[in-house]
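Residue 1686 in my numbering sits at position 217 of the sequence shown, and the numbers go up by one each step.
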Amino acid sequence: ISEMVTSNSLLYGSEKTLRRANHVGEVDPISVQIAGADPIMMAEAAKYNMDKGAQIIDINMGCPAKKICNVMAGSALLKHEKLVEKILSAVVNSVNIPVTLKIRTGWDKENRNALTISKIAEDSGIQALAIHGRTRACLYMGDAEYNTIASVKQHIKIPVIANGDITTPEKAKFVLDFTKADAVMIGRAAQGRPWIFRETEHFLRTGEHLLPPTIDEIQNTTISHVNELYNFYGEQTGLRVARKHISWYTKGLRGSAQFRFNMNQIENCDNQLHAINNYFNELREVNHFISYDDEVINKKETMVA
């Protein structure tokens, strides 16, 4: 799924929106996530992105960010069930490709309405529903409500995708078994650890664990990712965007705190790449495979979606 794209047509010509609408080289199926609060604008955004190559439209009604909710988009829409119905119907009727929906369990603990929203979604023609197991008010605090996801799964026929706190292959299996969901969605746990997908797929299929990635693999993955960021954003912006990704790739690794501090001082792409290679070359002298500091990773996992 793409980065979230605004439904405001006034921004279609902006550099950021044009970049997000460029799907050259992306892996099929191309799914574009849109956000907004106006049914007509959301329908237009869906058609615009379909014409640009989207093969699936995903509607975001789960984002808890204040800047999104302040314009009554994202999870703020969960407070307005009639508006939800209008938006979903407008988008589904505007395109001839599948439309999916991402929600939370409700606005707050006193207003959990995921079941109502899910039935509206099914009746509106939504093809699949992803649910993050927290309310908007919870943000990413507390434990995910897998019981709510399980209840939704029992009451609708469209595929349900469970999301929230899925940080290991074992957790993915637990969530699938508990909720009976059709799939799981892994969010921020994949930041800097993209191999979590192959590890999870392998574990679910065989019940066995794969070997951890090698230093060579994560070094090559990081360098390749950073170069792609330079190409996509341009060197100046790409260098700054790369910092957070480099931090995710190295968080929990030996000596990474000082490395990340130094990385944030670098203002040249060549120097950034040189520093990455030096860091991993030093790690390789200690261990061929990645070894995480479990305490650091556990702290991170308390904040993952």
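Glycine included, every Cβ here is placed at the ideal spot set by N, Cα and C.
- Restricting attention to 1655, 1629, 1719 and 1651, the CA atom closest to the CA of residue 1640 is found in 1655.
- Uninterrupted alpha helix (DSSP H) stretches at least 4 residues long and entirely within the stretch 1531-1611 occur at 1535-1538, 1550-1563 and 1583-1593, given in chain order.
- In this structure, the straight-line span from the alpha carbon of residue 1638 to that of residue 1611 is close to 20 Å.
- When 1722, 1518, 1704 and 1601 are compared, the shortest CA-CA separation from residue 1491 is found for 1518.
- Using a Cβ distance threshold of 7 Å, residue 1512 and residue 1558 do not count as a contacting pair.
- The three-state secondary structure of residue 1716, taken from DSSP, is helix.
- Minimum Cα-Cα distance from residue 1715 among the listed residues 1705, 1728, 1703 and 1653 corresponds to 1728.
- A check of alpha carbon separations from residue 1555 across 1520, 1592 and 1582 identifies 1592 as the nearest.
- Within the same chain, Cβ atoms closer than 6 Å to the Cβ of residue 1601 are found at 1531, 1573, 1632 and 1633, the five residues on either side in sequence being excluded.
- Bounds of the alpha helix (DSSP H) holding residue 1696 are 1684-1702.
- Residue 1737 carries a coil assignment under DSSP once its states are collapsed to helix, strand and coil.
- With contacts defined as CB atoms closer than 7 Å, residue 1679 and residue 1697 fail to qualify as a contacting pair.
- The alpha-carbon of residue 1560 is positioned some 28 Å away from that of residue 1614.
- Residue 1688 is classed as buried because its beta carbon has at least 16 other beta carbons within 10 Å across all chains shown.
- Within 10 angstroms of the beta-carbon of residue 1675 lie fewer than 16 other beta-carbons, which makes it exposed.
- Assigned with DSSP and collapsed to three states, residue 1654 falls in strand.
- Going by DSSP, residue 1727 is part of the alpha helix (DSSP H) stretching over 1725-1732.
- About 5 Å separates the beta carbons of residue 1608 and residue 1533, which is inside the 8 Å limit, making them a contact pair.
- Only residues of its own chain outside the window of five on either side were considered, and among them 1728 have a CB closer than 6 Å to the CB of residue 1748, listed in chain order.
- In the DSSP annotation of this structure, the continuous segment of the alpha helix (DSSP H) that includes residue 1616 starts and ends at 1615-1624.
- Judged by DSSP in its simplified three-state form, residue 1635 adopts coil rather than helix or strand.
- For residue 1539, same chain residues with a beta-carbon under 6 Å away, outside a window of 5 residues either side, do not exist.
- For residue 1618, the closest alpha carbon among the candidates 1647, 1510 and 1626 is that of 1647.
- Secondary structure of residue 1503 (DSSP, three-state): strand.
- Beta-bridge analysis with DSSP links residue 1527 to 1502 and 1569.
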